[in-house]
Each structure stands twice: as C-alpha cells, then as structure tokens.
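Residue numbers are given in UniProt numbering: position 108 of the sequence shown equals residue 108, and the series is strictly consecutive. Note that the Cβ used here is the ideal one computed from N, Cα and C, for glycine as well. Data block below; observations after.
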Amino acid sequence: MTEILILSGKGKTGRRVAAQLDARGVPCRLASRSSEQRFDWYDESTWADAVRGTETAYLAPPVGPTGLAQAGRFVQQADGLRRLVLLSGRGVGGSGRDFAVYDGQLELENVVRESNLDWTIVQPAWFAQGFSEDFLRYDVLAGEIRLSAGTGGEAWIDTNDVGDVMTTALLDPSYAGRVIPISGPRVLTMTEIAEELTAATGRRIKYVDLDPAAHVAELLEHGLPPEDAEAVRDLFTVIRNHRSEYVSDGVEQVLGRPPRDFTEWARETAKTGVWEL
C-alpha cells in the first residue's frame with residue numbers, strides 16, 4: 001500500500017487520523033506548513049511534491065472562502081490521486097439547511113464530486129475539542145464562553161469519533177461515493193455546555209451571548225484574520241437560528257457504536273489538566 005497523504009496533518013482531525021493509521025500499521029504522510037513534507041494551501045508550488053507517490057488523501061480544508069477555493073484548486077490539480085476523503089460540514093447542501101456561509105464548502109464538495117476520484121465526504125457537527133484545543137479553551141479558563149450562538153443548540157461531536165470515521169472511510173472502499181453526516185448523540189445549547197463544563201471542572205463557567213458584530217470584534221482581538229472571524233460568526237449564526245438542532249447517525253452507521261457523549265468527554269478531558277488554572 002502506498003502512503004496515505006494527510007493534508008493539514010497536524011490539525012485536530014489530521015493528527016487523529018494519522019494516529020489511527022499508525023496503530024493499524026498503515027503508512028501515512030503528514031503534510032502541513034510545519035511538517036517534514038511541507039504543504040501550504042497558499043503556495044501551490046508545494047502541492048505536487050506532497051502528492052507524488054500517493055494514491056489516497058485525507059483533506060481537511062482551511063477556514064474561510066479563500067482557503068476553501070484553494071482546496072478546490074488542489075483537488076483539480078492533484079494528479080496521481082485516486083481516492084479522497086473530504087472533511088466538510090454538517091448541513092452543507094442539505095435541503096433547507098444550507099446557508100450562505102456554506103457556499104464555499106458546497107463549492108468544494110461539488111469539485112470533489114465532479115472529479116475522477118473515488119470520494120467520500122464526511123460532514124461533522126462542531127467539535128467538542130474546540131473547548132480544549134482551540135481558542136474556546138481560553139474562554140473556559142476565563143470562566144466565560146463568549147459566542148454569538150444565542151439560545152440555539154448543536155450536537156457537538158468528540159473529534160476522536162471524527163478521526164475514527166475518517167480512518168474507516170479511508171481504508172474501506174465501500175464508502176466511496178457516499179456523504180456521511182456525523183454528530184454527537186444529543187443537542188446542547190451553549191448554556192447547557194457551560195453547565196457541563198462547570199460540572200467537569202468544578203469551577204463556574206457561564207455562557208455570554210454576544211451580538212454577532214461584537215463576536216467578530218473579539219475574534220479580531222484574538223488575532224483571527226477578518227475573513228476567518230466573519231466565517232466563524234456566520235457558522236455560529238446557523239446555531240443561533242436554531243438550524244443545527246438535529247442528530248446525525250453516521251458514527252453508529254460507520255463504527256457500529258454510538259458517538260461519545262459530551263458529558264463523558266468533558267469529564268475525561270478535565271482529568272488531563274487542560275483546564276487547570
């Protein structure tokens with residue numbers, strides 16, 4: 001078997017896929033701006049070397065319209081690839097659920113569908129690990145989760161479940177040509193998330209509902225580029241509009257087990273010390 005290429009191989013999903021493949025003795029090649037195999041979405045001169053000698057790839061695209069467009073260009077230029085598993089977003093292209101914020105993701109999905117590749121598209125809900133491995137970790141540490149999600153809910157998913165589904169899709173050819181929506185087992189509002197994290201950490205965590213414009217302003221203060229900050233705001237607008245309050249059964253379909261519940265994830269994550277002051 002040739003090496004499986006993992007694009008954004010040091011990201012939340014990429015490194016989990018790499019760990020799963022390594023555990024199964026499957027060779028893989030991590031490609032990112034800081035890995036041995038250099039790959040930069042915005043430097044097309046790095047693309048050909050990353051793909052050379054591989055037939056299968058896992059693609060986790062960058063955030064924002066420009067990054068998604070670059071990912072589409074990559075798919076169109078990826079000579080030698082035969083198999084591709086794409087990380088997309090739950091609700092992209094779905095009847096009555098697609099928003100303008102999904103336009104870039106839908107365009108990328110369409111490029112993948114129209115390619116000559118054997119493709120699988122996995123559409124996960126928001127990652128629980130956003131609260132432990134991303135900028136929301138600092139909100140938990142500060143005791144205030146500051147988002148513009150309103151009173152809407154989301155079926156948050158453990159990123160380890162995402163990695164397991166992706167790995168199965170990469171290795172099992174029967175998933176070619178399929179779109180797989182996945183989520184956690186239940187919908188939680190941000191107020192309920194704050195309560196779960198309060199119980200897990202033993203410290204008071206509260207949810208502060210921001211106006212969308214104020215949310216963008218705070219993201220800019222944290223160093224996000226304007227395009228990325230606006231994309232994050234728009235994704236939370238989907239939750240704010242109560243359009244993400246449903247559960248998808250893809251984890252059970254692919255793995256034969258239910259997805260991990262947020263309560264269990266938060267309790268186990270707290271033991272790692274990631275939220276200790």
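- For GLU36, there is no enclosing alpha helix (DSSP H), since its DSSP letter is neither H nor E.
- The beta-carbon distance between LEU30 and ALA19, rounded to whole angstroms, is 11 Å. This is too long to meet the 8 Å contact definition.
- For the pair LEU117 and VAL85, the Cα-to-Cα distance works out to about 10 Å.
- Minimum Cα-Cα distance from LEU21 among the listed residues ARG33, TRP41, TYR175, TYR58 corresponds to TYR58.
- ILE239 is positioned such that its CB atom lies closer than 9 Å to that of GLY150.
- Following the DSSP letters along the chain, one finds TRP47 inside the alpha helix (DSSP H) bounded by residues 47–51.
- Of the other Cβ atoms in all chains shown, 16 or more fall within 10 Å of the Cβ of ASN160; this residue is therefore buried.
- A direct Cα-to-Cα measurement between SER8 and GLY143 gives close to 30 Å.
- Going by C-alpha positions, VAL251 is about 13 Å away from ILE121.
- The three-state reading of DSSP puts PRO226 in helix, counting H, G and I together.
- Taking all protein chains shown into account, GLY152 has 16 or more neighbouring C-beta atoms within 10 Å of its C-beta and is therefore buried.
- For GLN253, the uninterrupted alpha helix (DSSP H) segment begins and ends at 250–255.
- Where ILE182 is concerned, the enclosing beta strand (DSSP E) starts and stops at 178–182.
- The alpha-carbon separation between ASP211 and ILE145 amounts to approximately 13 Å.
- With 16 or more other CB atoms across the displayed protein chains lying within 10 angstroms of its CB, MET166 is buried.
- For ASP172, the three-state secondary structure derived from DSSP is coil.
- A Cβ-Cβ separation of about 16 Å leaves GLY89 out of contact with GLN129 under the 8 Å criterion.
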